[in-house]
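Participant: Residue numbers (the working numbering), protein chains in the order written: chain A, 1 to 147; chain B, 148 to 455; chain C, 456 to 1014. For glycine and all other residues, C-beta sits at the position ideal for the given N, C-alpha and C. Mind having a look at this structure? Questions to follow.
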Amino acid sequence: MMMADAPIRVLVTKIGLDGHDRGSRIVAAYLRDAGMEVIYTPPWQTIAGVVKLAMEEDVEVIGVSSLATDHLIIPKLMEALRDAGLRHVHVIVGGIVPDEEKAALLAAGVSRIFGPGSGRDEIVESVAMLGQQSRSERVDEFSETTL
Amino acid sequence: MEAGGAAASRLHRGLLPSTGAALTIGFTGPPGAGKSTLIDAFVAELRKSGRTVAIAAVDPSSPLSGGAVLGDRVRMGRHTEDTGVFIRSIASRGHLGGLSESIQQIADVLDAGGRDVIVIETVGAGQSEVEIVEVADVRIVVNAPGLGDDVQAIKAGILEIANILVVNKADLPLAARTVRQLRSMLSLRRESDRDVPVIETVASSGQGVDELLRAVLKLVPRTPAEREARRRARLHRLVAEAAAAEVRGRIMGRTDQAVLDALRQVEAGELSADEAARAVLKLCRDECDRVPPLAAYDTRVERNEPVT
Amino acid sequence: MTRTAIQLPLPGFEQAQGEWRSQYSRQIGDEKPVRNRSGIEVQPLYSPRDWSGERYLEDLGFPGQFPFTRGIYPSMHRGRTWTQRQLIGLGTPEDYNKRVRRIIDAGATAISLLPCCSGFRGIDCDEVEPVLLGTCGTVINTTDHMDSALDAVPIGEISTAMNDPSPFTLLAFTLGVARRRGIDWRSVTGTSNQSDYISHFIANHQFYRLSLPGSRRVLLDHIEFCRRHVPNWNPVSVVGQHMQQAGATPAETMGFTLSTAIQYADDCIARGMDVDDVLRRFTFFFDISISLFEEVAKFRAGRRIWARIARDRLGAKDPACWRFKFHGQTSGVDLTQQQPLNNVARVSIQAIAGILSGLQSLHTDAYDEAIACPSEETARIAVATQNILRDEARLCDVIDPLGGSYYVERLTDQMEAEIESVIARIDAAGGMYKAAEAGLVQTMIGESALAFQEQVDSGECKIIGVNCYQIDEDPTVPPAERPNADAMNRHVERFKAFKRERSQEQVARALDTLARAANSKDENIFEKVVDATEVGVTHGEVVSCLRRELGFGHPLIVA
């Protein structure tokens, strides 16, 4: 009954080695101001850690910030999420991803990649849409497994 | 569970029989006292003995947007990969009182999930967090030196709910003074409150955390009878809360003539709000055969106080 | 709002100024106040009414004279220009060595070393996803690695700046290499960049941390060790860069940085170190934004305040301690992904601001720094920018050329007042250590960052190509230079073999000694780090030992 109105929950995190978090903090503030609940972590999360976090926190969207290199391990994250049964959790990547390395991320299941020039509205709208999408997919998954 | 609704209610019913085994510990206190860091250290101490833990950390939602940045993970980072520690960040979603509306249900889920200890961290707004009494078996009020007007920040009601008082950041110069003040405030209280221990910790280095755990374990209900009484009291409150919510929902949902009449009579000064409430309650009861017995109503409904 | 000028005995001044003002108002109409990034309102015109020079000697003096507003040395850039210090580091130690030798062959007298981010995380190369290794810096985990990285590099003659956060293993490795080569430690020169742990806790979460008290202890041990054994090394570089990049205003940044320096100096004094001996080796590291005049005023004011703090507050008697020596890096935050070549212009302006401020050392960003690790070509353009400004634009001909400008002097005074109020706020919170611990600084920075972002989002603050003058372009991110995977795998395999083959007994003993030093009050931790690395203890082993003994540091983020 409150389902549709409940705030979308988003995990904003960083995996790998880099620790620059200005971008992820600004995005966290954007999403909060748009009425979402943002679970914010320090940088350097491991892939296993992010999967556990996504599960514990029931997030619909994961935003991973990457500065030039850490996106290289995102395909592994996508695989781990799938293995954990979190297909309905959508992943977006923000930061700097060389053009020639974008295709690999999208092929691995990343929903969107935002570059440094992306604006507030673009990010917020996209996350909101993916959040809703995740909810409907989750309901489907749920009914499939219970019926 | 946070989203509420019928599915959550069914789920809750299903798991209630499996609850009651866990020890629920509440941490409250003013912002900046270091609750998250202390919980991080406290949980590390619990983990040494192999106990499994679930943490429910409540942070405020923004009153404007309804959104929230839930940052407790930042200070609890060492447990991220430990499967023996489950952390759930919860936004207050406009609920006053330092917790979130669904906190009891969430605590029950964690309990039924087989966790040995459930740790609940409140918003830390300061004075209005007495609700933790209803959810937690052991309440720890955390303070730190130099926060505003000494212990002002935690006086009023919140001191009374404490089973244990902690002065965190005890390495700061004014810590001894804060401890003295808390002790003298306790000495003015009832006999039974004077035993409340005041423990000094430095969460960032782990100092004093073992002592805190020992103090907590002393308060754990020991006999099965004690546990059962506690569980029963909790269920009693739970049912009362649920009833209150049910009645409120029904009354707010009714716009038929009988209710409008009652409202009009209140407006005209012909009925007091209390009297009107009783009249409307009666309407609800007549209308529906599934209404729970009157004894289970939250008395606040009859007094027409807001039911949260 | 301090020190407005006196009434001037200039006949006709009032009338002329009044006429100008009314003509100005007629042309402009209603005007919103214009403010710089530090929030100071900027007037359309400055005159002797704003700065008259009557306090010239007290507030400015001559270059090399207290309070050093016009420069810390008498001859400034006319005598010796700034050090050109470009950050480099990629791949294996052998990759680094090739690149650094090319730079030295080209005449460089100073080099820098940027380690792989895995080092910043406190872990060795065998604990990292191989694909990430060496993508952002050089993988150096042992003294042997450093030996390869510095092969044929004359470490006694060349100054080395290393991004080497606590517990300073890169310096320990370097000292080990010096000892192997028979080079006297007293001739080793350079700077421990990223030694400023407070700035890491506040604003740069790039680095792993020991607990806050642990970090404090290790830095002090490091300073004490260097003063005793490596006298020409700068053990402390107080870093404003992280805070400004995180969103602090230029005035806040200078205030926080000076408060941090005060904290470190007070800590050294409390330990019984000689203030003159310690302060002589303090250096500073700042971001230079594109807000040109504001940056110049920031640095001039900072120099003046530091001179007074060092002399009057900290009690240093040696004039060398009053000199505010700083390295500037053009700010990557101002660079855009859109129309990336525009960044050449931006970097030039930032560099001009830094040079006119009288800096001692400069790193100019490559124009693609916002979107990639700079390639050799873009890095060359960055260095050429410095050369053009020096040799073609001749920015070094005159010392402090903006000095005496009504605007710049007035702004310097205003920035000074603003910076001093930040310092006073930190003092009231019990100093920088406590202010950071309590989250005060983080809150202030967070507010400023959001306020600036809102100005950008609303278009009030224009960024060419981002919120105005956009062109229809396909924003591209150029390919990143990735280290050779085979070479990196071999490096990791060799490292594993090294760990197997070294004397396990010596390693265990060294780590035990290190752990005991960490738990004793009077042993020097850094000395034990140096000893440990000499018997083959690795970076990751040092860090995890100290983390265990001194506690893990969580970033002090205020959400």
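Thinking C-beta only, is C:Gly-645 closer than 9 Å to C:Asn-596?
Facilitator: Their beta carbons are not under 9 Å apart, which means C:Asn-596 does not touch C:Gly-645 by this criterion.
Participant: Is it the case that the stretch 514-534 of chain C contacts the stretch 554-573 of chain C, given that we only count it when at least three CB pairs across the two stretches are under 8 Å?
Facilitator: The stretch 554-573 of chain C vs the stretch 514-534 of chain C: no contact.
Participant: Specify, as a first and last residue, the run of the alpha helix (DSSP H) that C:Met-531 falls within.
Facilitator: Counting along the chain, the alpha helix (DSSP H) containing C:Met-531 begins and ends at 531-534.
Participant: Which same chain residues, not among the five before or five after B:Gly-173, have their C-beta less than 6 Å away from its C-beta?
Facilitator: Correct list, in chain order: Ile-267, Ile-279, Ala-283 and Arg-286.
Participant: With 16 other CB atoms within 10 Å as the buried threshold, where does A:Ile-8 fall?
Facilitator: The residue is buried, with at least 16 neighbouring Cβ atoms inside 10 Å.
Participant: Please state the DSSP three-state secondary structure of C:Asn-797.
Facilitator: DSSP places C:Asn-797 in helix when its eight states are reduced to three.
Participant: Taking 9 Å as the threshold (beta carbon to beta carbon), is C:Gly-886 in contact with chain B?
Facilitator: C:Gly-886 does not count as touching chain B.
Participant: If I measure Cβ to Cβ from A:Asp-5 and keep anything under 7 Å in the same chain, skipping five residues before and after, which residues do I get?
Facilitator: Here the set comprises nothing.
Participant: Let me see if you follow: with CB-CB separation under 9 Å, is A:Arg-32 close to chain B or not?
Facilitator: For A:Arg-32, the answer is yes, since a Cβ of chain B falls inside 9 Å of its Cβ.
Participant: Can you name the residues of chain A whose CB is closer than 7 Å to the CB of C:Arg-576?
Facilitator: Those within 7 Å of C:Arg-576 in chain A are Leu-17 and Trp-44.
Participant: Counting only Cβ pairs nearer than 9 Å, list the residues of chain C close to A:Ala-128.
Facilitator: Here the premise fails: no neighbours, minimum Cβ distance about 18 Å.
Participant: Determine the chain C residues that contact B:Gly-179 at a beta-carbon separation under 9 Å, and present them in chain order.
Facilitator: Chain C residues near B:Gly-179: Ala-893 and Gly-894.
Participant: Between which two residues does the beta strand (DSSP E) holding C:His-782 run?
Facilitator: Unbroken beta strand (DSSP E) run through C:His-782: 781-785.
Participant: Comparing C-alpha positions only, which one of C:Ala-607, C:Leu-857, C:Asp-855 and C:Phe-623 sits nearest to C:Val-998?
Facilitator: It is C:Phe-623.
Participant: If you run the structure through DSSP and keep just helix, strand and coil, what is C:Arg-1017?
Facilitator: The structure shown does not extend to residue 1017 of chain C, since chain C spans only 456 to 1014, so no value can be given for it.
Participant: Grouping DSSP H, G and I as helix and E and B as strand, with all else coil, what is B:Arg-450?
Facilitator: Residue placement at B:Arg-450 cannot be trusted, given a pLDDT of 44 that sits under 50; what the coordinates show is reported in the next sentence. If DSSP states are grouped into helix, strand and coil, B:Arg-450 belongs with coil.
Participant: Looking only at DSSP bridge pairs, what is C:His-818 linked to?
Facilitator: C:Gln-784.
Participant: Quick check: what's the CA-CA separation for B:Thr-446 versus A:His-71?
Facilitator: For B:Thr-446, the predicted model reports a pLDDT of 40, less than 50, meaning its position is unreliable; a value from the coordinates is still stated below. Cα-Cα distance, rounded: 57 Å.
Participant: Report all residues from its chain with a CB closer than 6 Å to the CB of C:Gly-1006; omit the five preceding and five following residues, and keep chain order.
Facilitator: Result list for C:Gly-1006: Ser-666 and Gly-669, in chain order.
Participant: Report the residue ranges of all alpha helix (DSSP H) runs contained in full by the stretch 918-1001 of chain C; include only those spanning at least 4 residues, in chain order.
Facilitator: Entirely contained in the stretch 918-1001 of chain C, the alpha helix (DSSP H) runs reaching 4 residues are, in chain order, 940-956, 959-974 and 980-989.
Participant: Report buried or exposed for B:Asp-421, applying the criterion of at least 16 other Cβ atoms within 10 angstroms of its Cβ.
Facilitator: B:Asp-421 is exposed by the Cβ-count criterion.
Participant: In chain order, what residues of the same chain lie with their CB nearer than 8 Å to the CB of C:Arg-726, ignoring the 5 residues before and after it?
Facilitator: Cβ neighbours of C:Arg-726 beyond the five flanking positions: Leu-675 and Glu-679.
Participant: List the DSSP bridge partners of B:Val-313.
Facilitator: B:Val-289 and B:Ile-346, per the DSSP bridge assignment.
Participant: Given C:His-697, which residues of its chain have a CB within under 6 Å of its CB, disregarding the five upstream and five downstream residues?
Facilitator: The answer, listed in chain order, is Ser-654, Ala-658 and Asn-659.
Participant: Going by the beta-carbon positions, is the gap between A:His-20 and A:Ile-62 smaller than 9 Å?
Facilitator: No, these two residues do not count as a Cβ contact at 9 Å.
Participant: Using a 10 Å radius around the Cβ and a threshold of 16 neighbouring Cβ atoms, would you call C:Asn-648 buried or exposed?
Facilitator: Result: buried.
Participant: Straight-line CA distance for C:Asp-729 to B:Leu-335?
Facilitator: C:Asp-729 and B:Leu-335: Cα-Cα distance of roughly 51 Å.
Participant: Look at the alpha carbon of C:Tyr-479 and the alpha carbon of C:Pro-503, and state the distance between them as a whole number of angstroms.
Facilitator: Their Cα atoms are separated by approximately 18 Å.
Participant: Using DSSP with H/G/I as helix, E/B as strand and the rest coil, what is C:Glu-750?
Facilitator: In the structure shown, C:Glu-750 sits in a helix (DSSP, three-state: H, G or I).
Participant: Measuring alpha carbon to alpha carbon, tell me which residue in B:Ala-409, B:Leu-430, B:Thr-230 and B:Pro-207 is nearest A:Val-38.
Facilitator: Out of B:Ala-409, B:Leu-430, B:Thr-230 and B:Pro-207, B:Pro-207 has the C-alpha closest to the C-alpha of A:Val-38.
Participant: Look at the alpha carbon of C:Phe-950 and the alpha carbon of A:Glu-125, and state the distance between them as a whole number of angstroms.
Facilitator: Cα to Cα, the separation comes out at about 47 Å.
Participant: Considering just the uninterrupted stretch of the alpha helix (DSSP H) at B:Phe-189, what are its terminal residues?
Facilitator: Note, B:Phe-189: alpha helix (DSSP H), 182-195.
Participant: Does the Cβ-Cβ distance between A:Arg-22 and C:Val-788 come in under 9 Å?
Facilitator: In this structure, C:Val-788 lies closer than 9 Å to A:Arg-22 by Cβ.
Participant: Closer than 8 Å is the cut-off here; do at least three beta carbon pairs connect the stretch 743-750 of chain C with the stretch 902-920 of chain C?
Facilitator: In short, these stretches do not touch, since the Cβ pair count stays below three.
Participant: The stretch 80-101 of chain A: which residues have C-beta closer than 7 Å to a C-beta of chain C, in chain order?
Facilitator: So the close ones are Ile-96, Val-97, Pro-98, Asp-99 and Glu-100.
Participant: Could you check where the beta strand (DSSP E) with B:Asp-206 kicks off and where it finishes?
Facilitator: Residues 200-206.
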